[in-house]
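Count the sequence shown with this note's numbering and you get residues -19 to 127, in order.
Glycine included, every Cβ here is placed at the ideal spot set by N, Cα and C.
The structure presented is a predicted model; accordingly, all values stated were derived computationally and were not measured.
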Amino acid sequence: MENRAEEILRGFQVNWICLKDADGGTVFWQGSDDLSLPDIEHQAKVPKNILQCRAVSREFNFSSKESMEKFRLEQKVLFKGRCLEEWYFEFGFVTAESTNTWQSVMEAAPESQMMPASVLNGNIVIETKFFDDDLLITTSRVRLFYV
-19 MENRAEEILR GFQVNWICLK DADGGTVFWQ GSDDLSLPDI EHQAKVPKNI
31 LQCRAVSREF NFSSKESMEK FRLEQKVLFK GRCLEEWYFE FGFVTAESTN
81 TWQSVMEAAP ESQMMPASVL NGNIVIETKF FDDDLLITTS RVRLFYV
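What follows is the structure in structure tokens.
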């Protein structure tokens, strides 16, 4: 008999993700790969001028066959394996057999703390843990390349 996390993951899918300038709305990157799939390192090629944004808006569309009481994400920005930033996002209740779009805004670090794209390129991994309350559903890793 499979456990609850496996049951949720089997019916869970990331349909698409879009990264935009939170101020002007310019789309920097869109992807339709299911980034919730564990056990593989995904890749994303993102324009380096995204690093000049004051804030980035992430729209995240997902489907779930199972209901979830408290869907949330924990996200780490890893530079060569070392955690630079950590973010926590809460979506809340997810209805069974639903498709949802979730928008979050992430503010950039002060310019004095930013590293250039040439240093970050290929060395940044975004690790995202998907939870229903305290139950870990899956962990996704996406390596960023700045183009």
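{"query": "Presumed contact (8 Å Cβ cut-off) between S120 and L15, rounded CB distance", "result": "5 Å"}
{"query": "C-beta atoms of K50 and G72 nearer than 9 Å", "result": "yes"}
{"query": "Backbone CA spacing between D1 and S37 [nearest angstrom]", "result": "6 Å"}
{"query": "Of the residues C63, M48, F8, R123, the one placed nearest E(-13), counting alpha carbons only", "result": "M48"}
{"query": "Own chain partners of M(-19) with C-beta closer than 6 Å, once the 5 adjacent residues on each side are dropped", "result": "At M(-19) the pLDDT is 43, less than 50, meaning the model places this residue with poor confidence and gives no usable figure here."}
{"query": "For Y126 and V184, the rounded distance between their alpha carbons", "result": "Summary: the structure shown does not reach residue 184, with the chain confined to residues -19 through 127, and so no result is reported for it."}
{"query": "Simplified DSSP state of R123, which is helix, strand or coil", "result": "strand"}
{"query": "Exposure label - L116; buried when at least 16 CB within 10 Å", "result": "exposed"}
{"query": "Whole-angstrom C-beta distance between R52 and E70, which should lie under 8 Å", "result": "4 Å"}
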